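**Student:** One structure, as structure tokens, below. Some questions next.
Now the structure itself:
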């Protein structure tokens, strides 16, 4: 057990990405490397101690005049929250790679490279205590996401990738500009140093420069999270990637959202309107996500919009700002990664078997694929917050948190959005599985890929276990939330 | 604030605004990408301006330089390090955008983003 494992959580997927890209001619080799590294990623957090890793060994220095402590190099901080998210990400990455490798006889080195670059980038986002390092990995993540969408064989994928890239090329410099403002007023890019400068009163929290930096980084966060006004582009990205890739892309979105929101919370929680802004945008995301999902006929876009609505729940929890509410928001983030991944893979299996993504042209599939139908049904019920599944636990916590903070209207909104999610899902499930099969729908004799069914069973186990024993993750998350305040 | 620093900051602001206007309002994809490059360079210029110190020396410790003199006069090196990284990232982003623009130009035969991103017409639209 050592803190030396902390940087390896980022370094190992990065090196693996480079290797699979360089060795892309050797099909079996890259498949083996990718799978072995995907198995290793969720194991490393268990080998590592909690603590800090200071790159280059440059220890913190104390200013003899002001008494302030400065961190001259990049610092990675590893705690229980990071452990939970990296383990979940690792399990998801392994299952996604398993599906990809089973699906294609000839694996693409550059494609696996992009998957691992994305994994390394979100892991670094979780670990970093340096706001410029956050920006760097934020950009790497955006490039990896664009690459994953561009590499899919779906129609109009390049158009969607370019659209996301253009918006990203506006959103990312805004984050950098916000980082520049923070650097100008605090002289540091280390988040702990910035927070210390704010707490010691060296930065006026109402100064226009500080507020401007808050606004700019907030704008970049909206882009990274796919919250309004970027909700359509994010759901579009999911719909233009292959189902297994969409499962990973949404995990990237959730983790980058959580990472950046926690950094912003540490720096800007003293700004009076910050938490109100979080709650307002989250509430808009919840309403827009679920209402737009109601109108979708393509299942991929439907799940994409539902995922945006679920992101709103996470923002709501963190925006309420109490220990219990933050725990509920972060627990919702863990649940959303698993549930949405399960839905993307489940519906992806149906699309693979029927060759159809338009729900209006489907029907009667429960008779042909009962196993997948049951797995999709349970995942959908978990997303809607039906007891005793994990989605119910986190949403119940959020409703309780809203009430205890004195916002019964937010509890009501959360309940209404959950009911609407249930309606969206039941409508889609009925259309695809229960109503009579249209004559135009041709069912192939193919069987559902075992890797997809296996992935869904793993997700189902996690959904049920976290539903009955939420304390497995909420205890650790609660400790983290307590330390944050 | 010093005139030099102020003028650099104003230039950075003008670059960012021009870039934003180009990225949002111009239809031609190449001009849009040039606008995005303007935004990136404007932000880089802004960060460089933060590290400016009047009469300052280059923040590299040379063998013959007195350390007290260096500490009193060296410019703040952190912004330069950040900008160097930012330039590399900007170059990668531009390369990816240009590659996507090339692919879409081959597909649609036009540089118009409104035609490209509508995704439903092929080979139509202006080539401007």
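Residue numbers (the working numbering), protein chains in the order written: chain U, 947 to 1431; chain D, 443 to 570.
No residue lacks a Cβ here, since even glycine has one placed at the ideal position from N, Cα and C.
Note that the structure is a prediction, hence the values are computed from the model and not measured.
Between residue 521 of chain D and chain U, is there a C-beta pair that is closer than 8 angstroms?
**Tutor:** Numbered from 1 along the second chain, position 79 holds the residue referred to as residue 521 of chain D. For residue 521 of chain D, the answer is yes, since a Cβ of chain U falls inside 8 angstroms of its Cβ.
**Student:** What would DSSP say about residue 1176 of chain U, mapped onto helix, strand or coil?
**Tutor:** In the first chain, counting from the first residue as 1, residue 1176 of chain U sits at position 230. If DSSP states are grouped into helix, strand and coil, residue 1176 of chain U belongs with coil.
**Student:** Please report the distance separating the alpha-carbon of residue 1129 of chain U from that of residue 464 of chain D.
**Tutor:** Counting from 1 along the first chain, the entry for residue 1129 of chain U is found at position 183. Counting from 1 along the second chain, the entry for residue 464 of chain D is found at position 22. Rounded to the nearest angstrom, the two C-alpha atoms are 28 angstroms apart.
**Student:** Please return the same chain residues whose Cβ sits closer than 6 angstroms to the Cβ of residue 1046 of chain U, not counting the five positions on each side in sequence.
**Tutor:** For this step, residue 1046 of chain U is matched to residue 100 along the first chain. For residue 1046 of chain U, same chain residues with a beta-carbon under 6 angstroms away, outside a window of 5 residues either side, are 1190 in chain order.
**Student:** Taking residue 1415 of chain U as part of the alpha helix (DSSP H), name the residues at either end of that continuous run.
**Tutor:** For this step, residue 1415 of chain U is matched to residue 469 along the first chain. Neither: residue 1415 of chain U is in no alpha helix (DSSP H) and is coded neither H nor E.
**Student:** By Cβ distance below 6 angstroms, which residues in the same chain neighbour residue 1088 of chain U in space, the five residues on each side in sequence not counted?
**Tutor:** For this step, residue 1088 of chain U is matched to residue 142 along the first chain. Cβ within range, chain order: 1114.
**Student:** Quick check on residue 1021 of chain U: does DSSP put it in helix, strand or coil?
**Tutor:** Here residue 1021 of chain U refers to the residue found at position 75 when the first chain is read from its first residue. DSSP places residue 1021 of chain U in strand when its eight states are reduced to three.
**Student:** Considering only the alpha carbon of each residue, which of U:1351, U:1118, U:1321 and U:1411 lies closest to residue 1339 of chain U?
**Tutor:** Here residue 1339 of chain U corresponds to residue number 393 of the first chain, with the count starting at 1. Residue U:1411 is the option with its Cα nearest to residue 1339 of chain U.
**Student:** Under a three-way DSSP split, which group does residue 1000 of chain U fall into?
**Tutor:** One-based indexing of the first chain puts residue 1000 of chain U at position 54. The answer is strand: DSSP assigns residue 1000 of chain U an E or B state.
**Student:** Buried or exposed for residue 1382 of chain U, please, with buried defined as at least 16 other CB atoms from any protein chain shown within 10 angstroms of its CB.
**Tutor:** Position 436 of the first chain holds residue 1382 of chain U. Burial call: exposed.
**Student:** Mind checking if residue 464 of chain D is an interface residue toward chain U, Cβ cutoff 8 angstroms exclusive?
**Tutor:** As a first step, residue 464 of chain D is located in the second chain; it is residue number 22 there, counting from the start. For residue 464 of chain D, the closest Cβ of chain U is not nearer than 8 angstroms.
**Student:** Pull up the DSSP beta-bridge partners for residue 516 of chain D, would you.
**Tutor:** Residue numbering aside, residue 516 of chain D sits at position 74 when the second chain is read from its first letter. Answer is D:499, bridged to residue 516 of chain D.
**Student:** Tell me the DSSP secondary structure of residue 469 of chain D in three-state form.
**Tutor:** Counting from one through the second chain, the residue named residue 469 of chain D turns up at place 27. Residue 469 of chain D falls in the coil class under three-state DSSP.
**Student:** What's the C-alpha gap between residue 1445 of chain U and residue 948 of chain U?
**Tutor:** Not covered by the structure: residue 1445 of chain U. The range shown for chain U is 947 to 1431.
**Student:** Taking only beta carbons into account, state which residues of the segment 1080-1097 of chain U come closer than 9 angstroms to chain D, listed in chain order.
**Tutor:** Hits within the stretch, in order: 1081, 1082, 1085, 1086, 1088, 1089, 1092, 1093 and 1096.
**Student:** Of all the options U:1423, U:1360, U:1066 and U:1333, which has the alpha carbon lying nearest to the alpha carbon of residue 1346 of chain U?
**Tutor:** Your numbering for residue 1346 of chain U matches position 400 in the first chain. The option with the nearest alpha carbon to residue 1346 of chain U is U:1360.
**Student:** Do the segment 1148-1167 of chain U and the segment 1179-1190 of chain U make contact, defined as three or more Cβ pairs closer than 8 angstroms?
**Tutor:** no
**Student:** Hey, which unbroken runs of the alpha helix (DSSP H) at 4 residues or more fall wholly within the segment 1189-1238 of chain U?
**Tutor:** Complete alpha helix (DSSP H) runs here, min 4: 1189-1214.
**Student:** Determine which residues of the segment 1104-1116 of chain U have a Cβ less than 8 angstroms from any Cβ of chain D, and write them out in chain order.
**Tutor:** 1104, 1105, 1107, 1108, 1109, 1111, 1112, 1114, 1115 and 1116
**Student:** By Cβ distance below 6 angstroms, which residues in the same chain neighbour residue 569 of chain D in space, the five residues on each side in sequence not counted?
**Tutor:** Here the question's residue 569 of chain D lines up with position 127 in the second chain. Any reading at residue 569 of chain D needs caution, since the residue's pLDDT is 41, under 50, leaving its predicted position unreliable; the model's value is listed next. Excluding positions up to five away in sequence, the list reads 552.
**Student:** Go through its chain and collect everything with a Cβ distance to residue 1057 of chain U's Cβ below 7 angstroms, but skip five positions before and after it.
**Tutor:** Indexing the first chain from 1 puts residue 1057 of chain U at position 111. Contacts found: 1097.
**Student:** When the Cα atoms are used, what is the spatial distance from residue 979 of chain U to residue 1328 of chain U?
**Tutor:** Residue mapping note: residue 979 of chain U aligns to position 33 of the first chain, counting from 1. Residue mapping note: residue 1328 of chain U aligns to position 382 of the first chain, counting from 1. Cα to Cα, residue 979 of chain U sits roughly 34 angstroms from residue 1328 of chain U.
**Student:** What is the residue span of the alpha helix (DSSP H) that residue 1066 of chain U lies within?
**Tutor:** Numbered from 1 along the first chain, position 120 holds the residue referred to as residue 1066 of chain U. From DSSP, the alpha helix (DSSP H) with residue 1066 of chain U extends over 1055-1073.
**Student:** With a threshold of 8 angstroms between beta carbons, is residue 446 of chain D in contact with chain U?
**Tutor:** The residue you call residue 446 of chain D lines up with position 4 of the second chain. Residue 446 of chain D does not count as touching chain U.
**Student:** Between the Cα of residue 1348 of chain U and those of U:1282, U:1262, U:1141 and U:1404, spot the shortest distance and give me the residue it belongs to.
**Tutor:** The count along the first chain starts at 1 and reaches residue 1348 of chain U at position 402. Taking only the C-alpha atoms, the option nearest residue 1348 of chain U is U:1262.
**Student:** Could you tell me the distance, in whole angstroms, from the CA atom of residue 1415 of chain U to the CA atom of residue 479 of chain D?
**Tutor:** Indexing the first chain from 1 puts residue 1415 of chain U at position 469. Indexing the second chain from 1 puts residue 479 of chain D at position 37. If you take the alpha carbons of residue 1415 of chain U and residue 479 of chain D, they lie about 50 angstroms apart.
**Student:** Pull up the DSSP beta-bridge partners for residue 1015 of chain U, would you.
**Tutor:** As a first step, residue 1015 of chain U must be located in the first chain, where it is residue number 69. Its beta-bridge partners are U:1008.
**Student:** Helix, strand or coil for residue 1281 of chain U, going by three-state DSSP, please let me know.
**Tutor:** For this step, residue 1281 of chain U is matched to residue 335 along the first chain. Reduced to three states, the DSSP call for residue 1281 of chain U is helix.
**Student:** Express the C-alpha separation of residue 1013 of chain U and residue 532 of chain D in angstroms, rounding to a whole number.
**Tutor:** Along the second chain, one-based indexing puts residue 532 of chain D at 90. Along the first chain, one-based indexing puts residue 1013 of chain U at 67. If I take the Cα positions, the gap works out to 37 angstroms.
**Student:** Between which residues of its own chain and residue 1297 of chain U is the CB-CB distance below 6 angstroms, once the five residues before and five after are set aside?
**Tutor:** Working through the first chain from its first residue, we reach residue 1297 of chain U at position 351. For residue 1297 of chain U, where only same-chain residues beyond five positions count, the Cβ hits under 6 angstroms are 1303.
**Student:** Taking all protein chains shown into account, do 16 or more other C-beta atoms lie within 10 angstroms of the C-beta of residue 957 of chain U, making it buried, or fewer, making it exposed?
**Tutor:** The residue given as residue 957 of chain U occupies position 11 in the first chain. Exposed, since its Cβ has fewer than 16 Cβ neighbours within 10 Å.
**Student:** Which first and last residues belong to the alpha helix (DSSP H) in which residue 1351 of chain U is found?
**Tutor:** Here residue 1351 of chain U is taken as the residue at index 405 of the first chain, counted from 1. No alpha helix (DSSP H) contains residue 1351 of chain U, which DSSP labels as neither H nor E.
**Student:** Who are the near neighbours of residue 965 of chain U in its chain, counting only those whose CB is closer than 7 angstroms to its CB and skipping five residues on each side?
**Tutor:** Translated into positions along the first chain, residue 965 of chain U becomes position 19. Around residue 965 of chain U: 979.
**Student:** What are the start and end residues of the alpha helix (DSSP H) that includes residue 1117 of chain U?
**Tutor:** Residue mapping note: residue 1117 of chain U aligns to position 171 of the first chain, counting from 1. Element bounds for residue 1117 of chain U: 1103-1132.
**Student:** For chain D, find out if any of its Cβ atoms is closer than 8 angstroms to the Cβ of residue 1149 of chain U; answer yes or no.
**Tutor:** Counting from 1 along the first chain, the entry for residue 1149 of chain U is found at position 203. Answer no: the Cβ-Cβ gap between residue 1149 of chain U and chain D never drops below 8 angstroms.
**Student:** Relative to the C-alpha of residue 1001 of chain U, which residue among U:1079, U:1427 and U:1048 is closest?
**Tutor:** Here residue 1001 of chain U corresponds to residue number 55 of the first chain, with the count starting at 1. Residue 1001 of chain U has its Cα closest to that of U:1079, out of U:1079, U:1427 and U:1048.
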